[in-house]
Amino acid sequence: MATVRLILGDQLNPRHSWFDRVDPQVTYVLMEVRSETDYVKHHAQKVIAVFAGMRRLAEQLQAAGHRVRYFRIGDADNRQAFAENLRQVFAEVGARRFEYQEPDEHRLDEDLATFARTCGLPATMAPSEHFLDARDGVARHFQPAAKRWLMESYYRSVRVRTGLLMERDGTPYGGKWNYDHDNRQPWKGRPGLPGAWDLAHDHRALWSEIEAAGVRTFGSPSAERFPWPRDRVEALAQLDAFITRGLPEFGAYEDAMHSTSDRLFHSRLSFALNVKLLSPREVAEAAVRRHEADPDAVPLAATEGFVRQIVGWREYIRGVYWAKMPAYRDSNDLGHQMDLPGWFWTGETRMNCLRHAIGQSLGTAYAHHIQRLMVIGSFCLTAGIHPRAVEQWFLGVYIDAFEWVELPNVVGMSQHADGGFLASKPYACAASYISKMSDYCAGCGYDPKDRLGPLACPLNAFYWDFWLRHQQRFANNPRIGMAVRQAMAMKPAEQAAIRAKVAQLRADIETL
Ligand code: FAD
Ligand code: SF4
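Printed below as a string of structure tokens:
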């Protein structure tokens, strides 16, 4: 029976069971469409990376004997939307069945479910065979009415279920579940960085096609030396390089930032994972194997810290997304209303930490977790930017930004807009934290120690004003009550001066 199977741009897993055998009745459809490039303005590298990966998978499937119908962005018969292109292929091949893999985004899930109901063919949704848990696995782990779902509890259940870093008797390997306390060091030039293992593809021709089709993007395309993997072989090589060279120091410097390196010891595997070139299980297992082979070189703290990101945070975030969408998208529990300053699109701000983190994001489509959370996110949170504006910027800028993972990280973890459902405290910081964890302040025209003077670091006044504004809400939070009580203990004149300073900073926000 002639069957059409749709493969989405983030479903590039060549080991999916769909491809186990060649069936001449099956046509695989991949399409580069404006409905996907235009729902938010994307970083140029993100569009190139997804299209390059799709083209590569199509080539590989064809080479293996599968029938493939591919729509390039500039093709004359490309109607630039899933439904229209699919109907065209149905007619071309005389389709009798339609199949698609479980999408990870709510928007696509609804669109494809509607299409499946109305396309006139029997339609089936197949598992994507990527995640460790089902969409509702996290929701099933917790009480539905619980005020918050703690990631740590879910993470432990995944460890038990998968046996990752577990002893035979059901206790955690090494005696502890979590080694986060060992993982908070600043990096000051030692140990040496692992060196780059990035790729250098020439994607100028593809970039010209994207530009010619009129797709609007931002950020540097880096088309001459494109660093992101196109296929599984390249992704595996990146995984191997990280496990050998980055993982040993990953834990200790996980929270560090430095102006000389945009990645330090981080893996930069999020793109390969999110488009499913790599599976979370194989990435976690590779880290555990490396530790077991050489525990002196690769400490347990680094291994556990890395495994927690992949099988804990990543799966948990996805579960929250599916449990809370679509209402989650509009969360704004703190009532923040400001728009993003224009320098989010240029990186041109005098605040050195933000200039680095945003400039790097525009240049490379990448920033590591602490730059996202404690520099860019914390600025937006304490300045009072509308979470939807922040979310849309994050969704566009990062190479790994797909809504299921980006939205809960921004709305929940970083902007605390969900009332603390996902994060038990707001991640807000002043210059003291940036100064401790990076060298950014040393190269900044602002004074990290001052709150109110003309050259005072703007982050300080925003930080104290944030606690003053939201004191009722956070005073009893055991994780940050001290900061709130410190703000509340300030003399009324000092509180007023902070408020006045913040009013001025907001008025001048475009030129900070
Ligand atoms: P590493 O530090 O090497 O970590 C290894 C892997 O763990 C990552 O590749 C990723 O797959 C996973 N991981 C780590 N933390 C998280 C997390 N909080 N949620 C989900 N997975 C995690 N991650 C995305 O994949 N896409 C996003 O759009 C995204 N947006 C974010 C926005 C904000 C405001 C914050 C605070 C975090 C966001 N994250 C996002 C999570 C995390 O910052 C990135 O996964 C990580 O920086 C990617 O770089 P890496 O591969 O070098 O990660
Ligand atoms: Fe950032 Fe303030 Fe430090 Fe400048 S002084 S780098 S603005 S924290």
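Note that this note's numbering numbers the sequence shown so that position 469 is 502, with each residue one more than the last.
Just so it is clear, CB atoms sit at the ideal spot from N, CA and C, and this is done for glycine as well.
Do V59 and T36 count as a contact pair if the criterion is CB distance below 8 Å? yes
Check each candidate in R48, L39, R38 and G252 and name the one with the smallest Cα separation from L310. R48
Does the distance between the C-beta of W346 and the nearest non-hydrogen atom of ligand 1 fall short of 7 Å? yes
Start and end residues, alpha helix (DSSP H) containing F115: F115 to V126
One or two residues paired with E132 in a DSSP bridge: R38 and T157
Considering L60, what are the terminal residues of the beta strand (DSSP E) in which it resides? Sequence inspection shows Thr at residue 60; the Leu mentioned does not correspond to that position. From DSSP, the beta strand (DSSP E) with T60 extends over V59 to M64.
Just checking my contact of V66 with F115 at CB under 8 Å: how many whole Å lie between their CB atoms? 7 Å
I409: beta carbon under 7 Å from a heavy atom of ligand 2? no
Assess, as a yes-or-no matter, whether the stretch 235-246 is touched by the stretch 257-275 under the definition of 3 or more beta carbon pairs within less than 8 Å. yes
Given that a residue counts as buried once 16 or more other Cβ atoms are within 10 Å of its Cβ, and exposed if not, what is N509? exposed
Please confirm whether E242 and G107 have their CB atoms less than 8 Å apart. yes
Where the alpha helix (DSSP H) through F104 begins and ends: That residue, F104, is in no alpha helix (DSSP H); its beta strand (DSSP E) goes R100 to F104.
Suppose you measure from the CA of K209 to the CA of H174; what does that come to, to the nearest Å? 21 Å
Range of the contiguous alpha helix (DSSP H) that encloses I350: E348 to K357
Short of 6 Å in beta carbon distance, which residues of its chain neighbour P420, apart from the five on each side in sequence? Order them along the chain. N365, V444, Q448 and A450
Going along the chain, which unbroken runs of the beta strand (DSSP E) with 3 or more residues stay wholly within the stretch 449-533? none
Say whether chain C places a C-beta atom closer than 8 Å to the C-beta of A317. Of the protein chains in this structure there is only one, and it is not chain C.
Our contact map puts I531 next to D498 with C-beta atoms below 8 Å; I'd like the distance itself, whole angstroms only. 5 Å
Please list the segments of the alpha helix (DSSP H) lying wholly inside the stretch 178-250, counting only runs of 4 or more residues, in order along the chain. 184-195 and 237-245
Identity of the residues DSSP links to P294 by a beta bridge: Before going further, note that residue 294 is Ser rather than Pro in the sequence given. Answer by DSSP bridge pairing, in chain order: H291.
Classify I409 as helix, strand or coil using the three-state DSSP reduction. helix
Within the present structure, is the beta-carbon of S468 separated from the nearest heavy atom of ligand 2 by less than 7 Å? yes
Among the residues of its own chain, which have a CB less than 7 Å from the CB of T70, if the five just before and after it don't count? V80 and V248
Okay, do the stretch 321-334 and the stretch 134-152 touch, 3+ Cβ pairs below 8 Å being the bar? no
From L501 to L197, what distance separates their C-alpha atoms? 43 Å
May I ask you to list the residues that DSSP assigns as paired with H75? T250
Which class does I418 belong to by DSSP, given the choice of helix, strand or coil? strand
Name the one or two DSSP bridge partners that M371 has. I418
Option in A245, C462, R89 and M384 with minimal Cα separation from D480: M384
Is it right to say M87 is buried, meaning 16 or more other beta carbons lie within 10 angstroms of its own, or is it exposed? buried
Which same chain residues, not among the five before or five after L306, have their C-beta less than 7 Å away from its C-beta? P313 and V316
Helix, strand or coil: how does DSSP classify F164 here? coil
Between F495 and L538, which are expected to be in contact by the criterion C-beta below 8 Å, what is the C-beta distance as a whole number of angstroms? 7 Å
Mind checking V423: buried by the 16 CB within 10 Å criterion, or exposed? buried
Tell me, please, whether the stretch 190-205 touches the stretch 332-341 by the rule of three or more beta-carbon pairs shorter than 8 Å. yes
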